[in-house]
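In what follows, a structure is listed as structure tokens, so that the remarks can point back to it.
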Amino acid sequence: MGSEDSYGNYSFASARIHKSALSKPSGKHDADGYGVYTINIRDGVIMSLDPADFEGPGHQFTLVTPLFVDCHTHLDKGHIWPRSPNPDGSFMGALETVGADRMANWSARDVEARMEFALACAWAHGTKAIRTHLDSVPPQETISWPVFETVRERWKGRIDLQAACLFGIDQARDDTWFRSLVELVKKSGGVLGAVTFMVPDLDELLDKMFRAAIEHGLELDFHADETDDIYAISLERIASAALRHGYDGRILVGHCCSLARQPDDTVKKTLDKVAKAGLSIVSLPMCNLYLQDRRNNSTTPRWRGVTLMHELKARGVNVCVASDNTRDPFYAYGDLDMLETYRMATRIIHFDHPVADWPATVFANPAKAMGISAGLLDPGMPADFISYRARSHNELLSRPWMDRRVYRNGVPAIAEPPDYRDLDHLMEPLA
3 MGSEDSYGNY SFASARIHKS ALSKPSGKHD ADGYGVYTIN IRDGVIMSLD PADFEGPGHQ
63 FTLVTPLFVD CHTHLDKGHI WPRSPNPDGS FMGALETVGA DRMANWSARD VEARMEFALA
123 CAWAHGTKAI RTHLDSVPPQ ETISWPVFET VRERWKGRID LQAACLFGID QARDDTWFRS
183 LVELVKKSGG VLGAVTFMVP DLDELLDKMF RAAIEHGLEL DFHADETDDI YAISLERIAS
243 AALRHGYDGR ILVGHCCSLA RQPDDTVKKT LDKVAKAGLS IVSLPMCNLY LQDRRNNSTT
303 PRWRGVTLMH ELKARGVNVC VASDNTRDPF YAYGDLDMLE TYRMATRIIH FDHPVADWPA
363 TVFANPAKAM GISAGLLDPG MPADFISYRA RSHNELLSRP WMDRRVYRNG VPAIAEPPDY
423 RDLDHLMEPL A
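Numbering-wise, the sequence shown is residues 3 to 433 according to this note's numbering.
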């Protein structure tokens, strides 16, 4: 690692760092964008990064990244699979199963225990910040938001937590309920969010969302077009609403699956508006690969379910990938491990040849979308990083669960994901 006089004061030598993790990369970088640096740390803060020899003795380099930023998750749904599996793997199967489980089981005790379990997983894997959506269908908002506030305070200084409300946008027709939800979100320091779909009054409902966000100083976060229906164009409607209202706050839009199915002229119109409106887009590659184009007639899926990340990035749009759901009916697998998310995104969306600055989709880009200081390794920032038993991008992504060591404020934070048995008291016995 290099010279060391204490955990908080040392130099981490021969660190291979991708240029997208540095605001001002210097020195020589290889074709994949990696350069070799010595990270000088004092009192848990990065003091400087000094370019080092690119060719060292025996190539004894260690790949180093910032801690991960996961900008789209569902901590309130996570880990209910053992008691509520998806009956057929479909989107409607997920929607109905989660709805039934929420009504039957989502007490404060249940939600809090599963949130804590999920955060312990993310902590072990090296995540610094998470935004979760919270189902806010009455009366769940009165349960989950207070739980989230308690959990956020408990994890303060370890994982930075944000929350966005989640409801079908048609529910915003109820003026009284919508006003009360907006007040709850503002009081809780949250983000105003909704699931958009092509209802006849979508534009009016979006206007309502934007007016509330402007009046109360709230950021916006939408689920949009999580379908293969080419007529699902709520992403374009969101961008139009942002421009119509002159909204200058942060807007994050997730999924946007139907964009990949639409005619070229529709796609171009939408991409141009998204770029002009300054939206951030997050793709959820594992969840949408799992749900989209799932067939129950013994035929094979024909598309990947992800949005047009390359085309969005080419227009300067801030693009991210995130975990989304974890062991629930919307995605049966996952562990809030953003290395797995990035590995899968690379293979599904082709974040390679060249690697370019795609690593930023799990570091600096989601941090920008969330409005936080994270995702970079710059002088003056906390020495929060991960070192891997890998020397190159290829080595990092070739072996699942690549050995890693997580550093927080310059100190190794040794942790393992919790045992699934820790949640057995909330589940029906396994069949």
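We put the beta carbon where it would ideally sit given N, CA and C, even for glycine.
Quiz item: According to the neighbour-count rule (16 or more other Cβ atoms, all chains shown, within 10 Å of its Cβ), is E228 buried or exposed?
Solution: buried
Quiz item: What is the DSSP secondary structure of N107, reduced to helix, strand or coil?
Solution: DSSP places N107 in helix when its eight states are reduced to three.
Self-check item: Selected residue, minimal CA-CA separation from L398, among M340, T178, D380, L220
Solution: M340
Exercise. State the Cα-Cα distance for the pair S5 and E118, rounded to the nearest angstrom.
Key: Bear in mind that the predicted position of S5 carries a pLDDT of just 48, short of 50, making it unreliable; the figure below should be weighed with that in mind. S5 and E118: Cα-Cα distance of roughly 37 Å.
Quiz item: How is the alpha helix (DSSP H) around D45 delimited, first residue to last?
Solution: Premise fails: D45 is in no alpha helix (DSSP H) and is neither H nor E.
Practice problem: May I ask whether a heavy atom of the ligand SAH can be found less than 7 Å away from the beta carbon of P140? | Solution: What this structure holds is no ligand at all, so the ligand SAH is not there to describe.
Quiz item: Who are the near neighbours of A120 in its chain, counting only those whose CB is closer than 7 Å to its CB and skipping five residues on each side?
Solution: Within the same chain, A120 has close Cβ partners L77, G80, H81, T328, L338.
Quiz item: Given a threshold of 16 other Cβ atoms within 10 Å of its Cβ, counted over all protein chains shown, does S109 qualify as buried or as exposed?
Solution: exposed
Quiz item: Does the distance from the CB of V308 to the CB of P331 come in under 8 Å?
Solution: no
Quiz item: Does DSSP put I253 in a helix, a strand or coil?
Solution: strand
Quiz item: Quick one: what does DSSP say K271 is sitting in, helix, strand or coil?
Solution: helix
Quiz prompt | Check whether G37 and I19 have beta carbons under 8 Å apart | solution = It is a contact, given that the beta carbons lie within the stated cut-off.
Exercise. Could you give the DSSP three-state label for T75: helix, strand or coil?
Key: strand
Exercise. Whole angstroms is fine: what's the gap from G60's alpha carbon to D386's?
Key: Caution is warranted here: a pLDDT of 49 is assigned to G60, below 50, making its placement in the model unreliable, and the coordinate value is therefore given only provisionally. Their backbone Cα atoms lie some 27 Å apart in a straight line.
Practice problem: Assign G62 to buried or exposed, taking buried as 16 or more other Cβ atoms, counted over all protein chains shown, within 10 Å of its Cβ. | Solution: In the sequence under discussion, the amino acid at residue 62 is Gln, which differs from the Gly named in the question. Exposed.
Quiz prompt | Span of the alpha helix (DSSP H), counted from its first residue to its last, around T229 | solution = No alpha helix (DSSP H) holds T229; DSSP gives it neither H nor E.
Exercise. Look at the alpha carbon of E342 and the alpha carbon of R175, and state the distance between them as a whole number of angstroms.
Key: 39 Å
Practice problem: Can you tell me which of the three DSSP states P59 falls into? | Solution: For P59, the pLDDT reaches just 49, beneath the cut-off of 50, and the residue's location in the model is therefore unreliable, although a value from the coordinates is still provided. Here P59 sits in helix by DSSP.
Quiz item: For Y422, which three-state DSSP category applies?
Solution: helix
Quiz item: G256 and A226 look like a contact to me (Cβ under 8 Å); what is the Cβ gap, rounded to whole Å?
Solution: 7 Å
Exercise. With distances taken Cα to Cα, identify the nearest neighbour of A415 among I161, R246, G95, C167.
Key: I161
Self-check item: alpha helix (DSSP H) segment containing D90, residue limits
Solution: No alpha helix (DSSP H) holds D90; DSSP gives it neither H nor E.
Quiz item: For S236, which residues of its own chain have a beta-carbon under 7 Å away from its beta-carbon, when the five flanking residues on both sides are left out?
Solution: T198, F199, M200, L204, A226, D227
Quiz item: CB-CB under 7 Å to D426, same chain, minus the five flanking residues each way: which ones, in chain order?
Solution: None.
Practice problem: Please state whether DSSP places V193 in a helix, a strand or coil. | Solution: strand
Quiz item: Is P402 helix, strand or coil when you go by DSSP?
Solution: coil
Quiz item: From what residue to what residue does the beta strand (DSSP E) around A369 run?
Solution: From DSSP, A369 is part of no beta strand (DSSP E) but of the alpha helix (DSSP H) over 366-372.
Quiz item: Which word fits Y39, buried or exposed, when buried means at least 16 other C-beta atoms lie within 10 angstroms of its C-beta?
Solution: buried
Quiz item: Cβ atoms of N411 and P368: under 8 Å apart, would you say?
Solution: no
Practice problem: May I ask you to list the residues that DSSP assigns as paired with P414? | Solution: Y409
Quiz item: What is the DSSP secondary structure of S16, counted as helix, strand or coil?
Solution: strand
Quiz item: Within 10 angstroms of its Cβ, does L432 collect 16 or more other Cβ (buried), or is it exposed?
Solution: Confidence is the limiting factor: at L432 the pLDDT is only 45, short of 50, which leaves the residue's position unreliable, though a coordinate-based value still follows. The residue is exposed, with fewer than 16 neighbouring Cβ atoms inside 10 Å.
Practice problem: May I have the straight-line CA-CA distance separating F212 from E430, to the nearest angstrom? | Solution: 42 Å
Quiz item: By DSSP, does Q142 sit in helix, in strand, or in coil?
Solution: coil
Practice problem: Kindly confirm or deny that the region 296-303 and the region 89-99 touch, where touching means at least three C-beta pairs closer than 8 Å. | Solution: yes
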